[in-house]
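Enquirer: Protein sequence lines, in the order shown, are assigned to chains A and B. Each residue of the first sequence is one higher than the one before, starting from 1 at the first, in the working numbering. Each residue of the second sequence is one higher than the one before, starting from 1001 at the first, in the working numbering. A virtual CB, placed ideally from N, CA and C, is assigned to each residue, including glycine.
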Amino acid sequence: MANPIIQRELISVLRQRRTVIVQCVLAVGFVLLIAIRWPTEPRMALSGLRSQEVFRLFAYGLLATVLLLLPVAPATSIVRERTRGTLGLLLNTPLGPWQIFGGKFLATIGLAGQLLILSLPAAAACYALGGIYPSDVFATYLILGLTVLLITSSSLLISTYSASADAAVRWSYGFILTISVLTVLPHYLLLGTGGFTGTVISWIRALSPISAMMSLHGAADLGSAGLATTENIVLRFSAISSIAVVVTSLWTISRLNFSLVDSARDSGMIADDQSLGVRSLRRAFFIIDPKRRSGYIGPLTNPVMVKEFRCRKFGRLHWLLRLIAICGIISLALTILTTTQTVSWDVASVGGIMVVLQVALIVLITPSLAAGLIATEHETGGWVLLQSTPMSIWRIVWGKILSVILTLGLILLATLPGYLVMVAIDPGQWFQVRRVAICLLMTALFVMLCSAAVGSLFRKTVSATAAAYAVVLIVCAAPLLIWLGRGAPFGHSTVEKALLVNPIAAGFSVIRVPGFTEYNLVPANWWILGAGSLLCFLLLVWRTHRVSRPQ
Amino acid sequence: MTVSPTQISPVKNEPVVVIRNLTKKYGDYTALEDLNLTLSAGQILGLIGPNGAGKTTAIKILVGLSRPTSGTATIAGVDCVGESKRIKQLVGYMPDKFGSYDNMRVREYLDFFGAAFQIPRQERIHRIDEVMEMTGVSYMRDRYVDALSHGMAQKVGIARILLHDPEMLILDEPANGLDPQARIEMRDLLLNLAQMGKTLLVTSHILPELSRICDHVAILTHGKLRAHGTVKEIGQQVSQQRTVEVQLANEECVPAAAKIVRGIILHGEVTESPAEAVVRFRTDRSEEALGQILKALMDASLPVTQFRELQTDLEEAFMSFARPQKEAEGAPSMAEAKA
Chain A
1 MANPIIQREL
11 ISVLRQRRTV
21 IVQCVLAVGF
31 VLLIAIRWPT
41 EPRMALSGLR
51 SQEVFRLFAY
61 GLLATVLLLL
71 PVAPATSIVR
81 ERTRGTLGLL
91 LNTPLGPWQI
101 FGGKFLATIG
111 LAGQLLILSL
121 PAAAACYALG
131 GIYPSDVFAT
141 YLILGLTVLL
151 ITSSSLLIST
161 YSASADAAVR
171 WSYGFILTIS
181 VLTVLPHYLL
191 LGTGGFTGTV
201 ISWIRALSPI
211 SAMMSLHGAA
221 DLGSAGLATT
231 ENIVLRFSAI
241 SSIAVVVTSL
251 WTISRLNFSL
261 VDSARDSGMI
271 ADDQSLGVRS
281 LRRAFFIIDP
291 KRRSGYIGPL
301 TNPVMVKEFR
311 CRKFGRLHWL
321 LRLIAICGII
331 SLALTILTTT
341 QTVSWDVASV
351 GGIMVVLQVA
361 LIVLITPSLA
371 AGLIATEHET
381 GGWVLLQSTP
391 MSIWRIVWGK
401 ILSVILTLGL
411 ILLATLPGYL
421 VMVAIDPGQW
431 FQVRRVAICL
441 LMTALFVMLC
451 SAAVGSLFRK
461 TVSATAAAYA
471 VVLIVCAAPL
481 LIWLGRGAPF
491 GHSTVEKALL
501 VNPIAAGFSV
511 IRVPGFTEYN
521 LVPANWWILG
531 AGSLLCFLLL
541 VWRTHRVSRP
551 Q
Chain B
1001 MTVSPTQISP
1011 VKNEPVVVIR
1021 NLTKKYGDYT
1031 ALEDLNLTLS
1041 AGQILGLIGP
1051 NGAGKTTAIK
1061 ILVGLSRPTS
1071 GTATIAGVDC
1081 VGESKRIKQL
1091 VGYMPDKFGS
1101 YDNMRVREYL
1111 DFFGAAFQIP
1121 RQERIHRIDE
1131 VMEMTGVSYM
1141 RDRYVDALSH
1151 GMAQKVGIAR
1161 ILLHDPEMLI
1171 LDEPANGLDP
1181 QARIEMRDLL
1191 LNLAQMGKTL
1201 LVTSHILPEL
1211 SRICDHVAIL
1221 THGKLRAHGT
1231 VKEIGQQVSQ
1241 QRTVEVQLAN
1251 EECVPAAAKI
1261 VRGIILHGEV
1271 TESPAEAVVR
1281 FRTDRSEEAL
1291 GQILKALMDA
1301 SLPVTQFREL
1311 QTDLEEAFMS
1321 FARPQKEAEG
1331 APSMAEAKA
C-alpha cells in the first residue's frame, strides 16, 4: 500500500508554482553553465581538459544547490506538524513511526532526486565531450546522493527537537555549515600533524562533502593549503555519511511517539520565588537568569527592542553573554597561540581564522534574527496589535533592527581583545586590523539589511528565514566556489570580479590569508556592499510602508 | 459581581461613535455599503452577521487599520481616517486572534503594550496591577503568554486594551471558543466595563450570549445594515407575526383549545403539543384579537394556566435576515440539502 505521507508531502510540493519555477531556473542554469564553458576550439576539446573543468564546476554548483536548497523541506517537516497540531492526529493513525519517518524521508529524497535528474542531461553533455570517465560521473552523483541522505536524515532529527519551524531551519543550516566548512578547519590549522591527532583530524575533514567533491576532482581540498593528501576522502566520506544517515534515521524514528506532543503548559516558574541557594546557583550558572522577574521598560527605551530581546530564546542575555564569552576566549586563545607558535602560524593565519569565525557567526545568527522582523508579527497576530498602538511604523521597525544591531555589535566587540593583542605583537598589523574591522562592519550591515529586506517579502517566518539564509549563503559562498576554480577554469580577473561581492573574501584579502593576497578587493568591496545595503534598506522601507498602510 | 444590562446607566447620552454612509470596496467587491450607525456612551452594541458580512471591515475602519472608499466614521468626534493616531488612544481593540509572543510573561506582555501606549513608567506599574486585578489575571502574572489557555488569553487581551484607559472598547469575537464558565466570566467582565462608562462594540457568533450583554444590536449581511436597535425592537422589526403560547392544566384539553384558536385566527399557524399541554399559534392580530381568543378559551371553561407572547430571540431575528440572503445566492435550504 502506498504511503499516504509521501503522497501528501511530495505531490503537494510538486504542485506548487514555486517548485516549478525553481526546477526551470535550475534546468536553465545547468544548460547555460555548459553552454558558456563549451569549448570553442577543436584542439582544446581533444585534450579533454575543458570538459573536466566544466564538469568540475558543474559538480560544485550542484553540490552548492543541494546544500542551499534542500534543508528547508525536511527541517520544517516534523516541527510544522507539531505546531499545527497534526502530529497528534498522525500518531493516532495506524501509521507507525517507521512509516511516518519513511514517508517524510522518501518525499524529500524524491524532491532531491528530481533535482539531480534535471542535471543529468548537463552531466551527459560533459561526458560526451570526452576526458571524463563513467566512474567520475558515478562518484560525483554518489557524493551528491549521500549528501542528500545526510541532510535529509539530520534535518528531520533537528526538526523533532525544534520548537518552531524557523528554529529548525536555523539549526539545519548551522549543521550544514559545520559539516561542510568547519570540519575542514582543524585540518587547515594543524596541517602536517601526524600520529593519532592527525588521523582524527583527517577523519573529521572527511565529514565534509565539499572535501570529498574536491578530492574526487583532483583539486587540493578546502583546507589543504595547496598540498594534496593520499587519503581516500571519497571512501571515508561515503562510510561516515552512511553511518550518520543510519544513526540519525533510527534516532528520529525513536523520537516519533506521543512524547513529542505530550507536554504540559509551562507553569512560568520565577527564580525570584526560589530559595536563596537555588537563586545563587542559577545566578552562578546563567549570570543573568532568564527566569528572573524582569524590570519594567524604561522611559527612553524603545519598547519593541526590549520585546524582541525578551521574545527570543537564543537572543536572551544569558545566551548572548555565553556567546560573547566564547568569542572573547577563542580570539584571545588564537592570539596567544600566535605568540607561542609563530613558526607554524603567522599572524595572518590567526587573523584569517578570526575572520572566518566572526563571519560564520554573522552569517548564521543574523538571518534568523532579522528575517522574521515583519513575517513573525504577521504570523503571531502581533502586527495588528502593534498597529493599534500610537507607535509609528518606523519606530516599530527601528526597535526591531536595533535589537539585531546590538546583538551583532556585542558579538563583534567580543573579538576585539584578540585583534588588540595581535596589534600589540605586531604593530604593523594595525592598518590591516582597522580594514578588517570595516570589512566586518560592512558584512554585518549588509547581512542584516539583506535578511530583513528578503524576509519582508514573505508572510511566513519559515519562508522568510529560509529565503534570507539562501540569499546570504549565495552571496557568501558562491564566489568562494568560483575562487576554488581559480587557475582553471576561471582566470584571475573572473575570480577577482566574483570575489568583489564577497564579504569574507574581502576580510581574507585584507588580513593577507594565503590564496587571497593576490586579489585587490578593498575598497571596491565596501562600495558594493554599501550599495547593496542601501538597496536592501530601500526595499525594506518600501515593504514596510506597504504592509503598514491602512488597507 | 454580576450586572444585568438593565442596570447599566450611560455616563452621557452623547453619541460616541458616529458612522455616516460608510462604504468600503475592494475592486468590484463591496465589503461594506452605506453603513449608518450611532452609539452612545456606556452602550454595548452587538454587531452580528454571517461570515463575510463586513463586521471586521467596519471594525478595522473604526480603529484606523482600513480606509473607507467613502463615508465618515468618528469616535468621540475624532475622525477615524484622518486622525488615526488620536483614535488609537481613544480605542482599545482586541482582534479575534490573541497575538501572543514567545517566551514573554503576562506582566512583561502588558508592560510592553503599556510602554507602546507611552504610559509613563511609574503610572504603568500601577496601571498593570490595576487592570490585572480588574480582569482577574493577577494570579497568572508570571505565566508565559504562549502557554495560556484560550480563556486566560482572552482575559489578558482585555487587560491589554484597558491599559491606556480608552473611551471605547472594540472586541472581535471575545466569547469565541470559551467554555461555559469562561463565557459567563467574560460576560460579567464586559458588563462591568460598560458600567464603568466604557462604550463597547462586540461582535460574536454566539447570539444568545450577545443578547444577554448587549443593549443594542446591529445586523449586517453582505455589507449592508439590515436592522439596528434593541433586541426587542429588532424582534418586532423582524416579525410582524407574534407567537403566543397557551399553557393548559392538562393534555386532554389541547385539541379543544387548538380548535377554538383556529376558529378565531383563521389563517394563522397553530401547533399542538399534548406532551407539554401547550398550544402555540402565530398571528398578526392586534392586542384586542388576542383578548378575544383568551376570552373564548375561558368561556369554554378550559383550564388555561398561562397565556403569553413569546419574545423573538436574536437567533431567530438573525436567521430571518440571513436566510433570504442565502436563498438569493441559491444556497439550498436544509430540507433541500437533505433531499
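At the 8 Å Cβ level, is I1158/B part of the contact set with chain A, yes or no?
Expert: Here residue 1158/B corresponds to residue number 158 of the second sequence, with the count starting at 1. Not closer than 8 Å to any Cβ of chain A, the Cβ of I1158/B fails to qualify, so no.
Enquirer: Could you give the distance in angstroms between the alpha-carbon of T147/A and the alpha-carbon of P1068/B?
Expert: Position 147 of the first sequence, counting from 1, holds the residue named residue 147/A. Position 68 of the second sequence, counting from 1, holds the residue named residue 1068/B. Whole-angstrom Cα-Cα distance: 55 Å.
Enquirer: Does the beta carbon of L1162/B come closer than 8 Å to any beta carbon on chain A?
Expert: The sequence position of residue 1162/B within the second sequence is 162, counting from 1. So, not an interface residue.
Enquirer: Kindly indicate which three-state DSSP category F1117/B falls into: helix, strand or coil?
Expert: In the second sequence, the residue the question calls residue 1117/B occupies position 117. When DSSP states are grouped into helix, strand and coil, F1117/B belongs to the coil group.
Enquirer: Looking at chain B, is there any beta carbon in it that lies within less than 8 Å of the beta carbon of D266/A?
Expert: Against the first sequence, residue 266/A aligns to sequence position 266. So, interface residue.
Enquirer: May I have the straight-line CA-CA distance separating P550/A from G1064/B, to the nearest angstrom?
Expert: Numbered from 1 along the first sequence, position 550 holds the residue referred to as residue 550/A. Numbered from 1 along the second sequence, position 64 holds the residue referred to as residue 1064/B. CA-CA distance, P550/A to G1064/B, rounds to 7 Å.
Enquirer: In the structure shown, what three-state DSSP assignment does R543/A receive?
Expert: Against the first sequence, residue 543/A aligns to sequence position 543. DSSP places R543/A in helix when its eight states are reduced to three.
Enquirer: Could you name the residues that DSSP lists as bridge partners for F490/A?
Expert: Counting from one through the first sequence, the residue named residue 490/A turns up at place 490. Paired residue(s): R486/A.
Enquirer: Are there 16 or more other CB atoms within 10 angstroms of the CB of V343/A, so buried, or fewer, so exposed?
Expert: By one-based count along the first sequence, residue 343/A stands at place 343. For V343/A, the pLDDT reaches just 48, beneath the cut-off of 50, and the residue's location in the model is therefore unreliable, although a value from the coordinates is still provided. V343/A is exposed by the Cβ-count criterion.
Enquirer: Tell me the start and end of each unbroken beta strand (DSSP E) in the region 1091-1174 of chain B that is at least 3 residues and wholly inside, in chain order.
Expert: 1091-1094 and 1168-1172
Enquirer: Please list, in chain order, the residues of the region 299-312 of chain A that have any C-beta partner in chain B closer than 8 Å.
Expert: Listed by position along the chain: P299, T301, P303, V304, V306, K307, R310, C311 and R312.
Enquirer: Within 8 Å (strictly less), CB to CB, does Q429/A reach chain B?
Expert: On the first sequence, position 429 is the one that residue 429/A refers to. No, its Cβ sits nowhere closer than 8 Å to a Cβ of chain B.
Enquirer: Answer yes or no: does any C-beta atom of chain A fall closer than 8 Å to that of M1168/B?
Expert: Walking along the second sequence from the start, residue 1168/B turns up at place 168. Chain A contact via Cβ: absent.
Enquirer: I'd like the ranges of any alpha helix (DSSP H) spanning at least 4 consecutive residues and lying wholly in the region 1175-1241 of chain B.
Expert: 1180-1195, 1207-1213 and 1231-1238
Enquirer: Using alpha carbons as the reference points, say which of S548/A, K291/A, V495/A and N302/A lies closest to A375/A.
Expert: Within the first sequence, residue 375/A is the residue found at index 375, counting from 1. Closest by alpha carbon: S548/A.
Enquirer: From this set, A107/A, S267/A and G352/A, which residue's C-alpha is nearest L440/A's C-alpha?
Expert: Translated into positions along the first sequence, residue 440/A becomes position 440. Looking at the Cα atoms, G352/A is the closest of the given residues.
Enquirer: Counting only beta-carbon separations shorter than 8 Å, does P367/A have a partner in chain B?
Expert: Taking the first residue of the first sequence as position 1, residue 367/A is located at position 367. Taking Cβ atoms only, chain B never reaches closer than 8 Å to P367/A, which makes this a no.
Enquirer: Assign P74/A to buried or exposed, taking buried as 16 or more other Cβ atoms, counted over all protein chains shown, within 10 Å of its Cβ.
Expert: For this step, residue 74/A is matched to residue 74 along the first sequence. Buried: at least 16 other Cβ atoms inside 10 Å.
Enquirer: If we count the other Cβ atoms within 10 Å of its Cβ and call it buried at 16 or more, is I1044/B buried or exposed?
Expert: By 1-based counting over the second sequence, the position of residue 1044/B is 44. Flag for I1044/B reads buried.
Enquirer: Taking contact to mean 3 or more Cβ pairs, one atom from each stretch, closer than 8 Å, check whether the region 152-166 of chain A and the region 238-256 of chain A are in contact.
Expert: yes
Enquirer: Return the Cβ separation of A452/A and L540/A in integer angstroms, given the expectation that the two are a contact with Cβ distance under 8 Å.
Expert: For this step, residue 452/A is matched to residue 452 along the first sequence. For this step, residue 540/A is matched to residue 540 along the first sequence. Their Cβ separation, rounded to whole angstroms, is 5 Å, which keeps A452/A and L540/A in contact under 8 Å.
Enquirer: Closer than 7 Å: is that where the CB of F30/A sits relative to any heavy atom of the ligand MG?
Expert: Because no ligand of any kind appears in the structure shown, any question about the ligand MG cannot be addressed here.
Enquirer: Going along chain A, which residues have a C-beta under 8 Å from L1189/B?
Expert: On the second sequence, residue 1189/B is found 189 positions in, with the first residue counted as 1. Simply none; closest approach about 19 Å.
Enquirer: Please confirm if the region 285-305 of chain A is in contact with the region 398-412 of chain A, defined as three or more CB-CB distances below 8 Å between the two stretches.
Expert: yes
Enquirer: Classify R17/A as buried or exposed, calling it buried when 16 or more other Cβ atoms lie within 10 Å of its own Cβ.
Expert: What you label residue 17/A is simply residue 17 of the first sequence in a count that begins at 1. So R17/A ends up on the exposed side.
Enquirer: What is the rounded straight-line gap between the Cα of E1336/B and the Cα of I1219/B?
Expert: On the second sequence, position 336 is the one that residue 1336/B refers to. On the second sequence, position 219 is the one that residue 1219/B refers to. For E1336/B, the pLDDT reaches just 44, beneath the cut-off of 50, and the residue's location in the model is therefore unreliable, although a value from the coordinates is still provided. C-alpha separation (whole angstroms): 26 Å.
Enquirer: Which residue from D266/A, L207/A and A271/A puts its Cα closest to that of I240/A?
Expert: Residue mapping note: residue 240/A aligns to position 240 of the first sequence, counting from 1. It is L207/A whose Cα lies nearest to the Cα of I240/A.
Enquirer: Give the list of continuous alpha helix (DSSP H) stretches no shorter than 4 residues that lie fully inside the region 368-442 of chain A.
Expert: 375-380, 382-387, 393-414 and 416-425
Enquirer: Straight-line CA distance for S1100/B to M1094/B?
Expert: Working through the second sequence from its first residue, we reach residue 1100/B at position 100. Working through the second sequence from its first residue, we reach residue 1094/B at position 94. Between S1100/B and M1094/B, the C-alpha separation is close to 12 Å.
Enquirer: Rank V1156/B, H1164/B, A1116/B and A1182/B by C-alpha distance to the C-alpha of H1126/B and give the top, closest one.
Expert: Indexing the second sequence from 1 puts residue 1126/B at position 126. That would be H1164/B, whose Cα lies nearest to the Cα of H1126/B.
Enquirer: Verify the CB distance criterion: does P1120/B have a CB-CB separation below 8 Å to chain A?
Expert: If you number the second sequence from 1, residue 1120/B lands on position 120. With 8 Å as the cut-off, P1120/B counts as an interface residue toward chain A.
Enquirer: What residue ranges within the region 1033-1081 of chain B form continuous beta strand (DSSP E) runs of no fewer than 3 residues, ordered along the chain?
Expert: 1044-1048 and 1070-1075
Enquirer: What residue range is occupied by the uninterrupted beta strand (DSSP E) comprising F1281/B?
Expert: Walking along the second sequence from the start, residue 1281/B turns up at place 281. From DSSP, the beta strand (DSSP E) with F1281/B extends over V1278 to T1283.
Enquirer: Listed in chain order, which residues of the region 1090-1108 of chain B have Cβ atoms closer than 7 Å to some Cβ of chain A?
Expert: Y1093, P1095, K1097, F1098, G1099, S1100, Y1101, D1102, N1103, M1104, R1105 and E1108
Enquirer: Taking the C-alpha atoms as reference points, what is the distance between G381/A and M354/A?
Expert: Translated into positions along the first sequence, residue 381/A becomes position 381. Translated into positions along the first sequence, residue 354/A becomes position 354. Near 40 Å, if we compare the C-alpha coordinates of M354/A and G381/A.
Enquirer: With a threshold of 8 Å between beta carbons, is I270/A in contact with chain B?
Expert: Walking along the first sequence from the start, residue 270/A turns up at place 270. Chain B, which has a Cβ nearer than 8 Å to the Cβ of I270/A, makes this yes.
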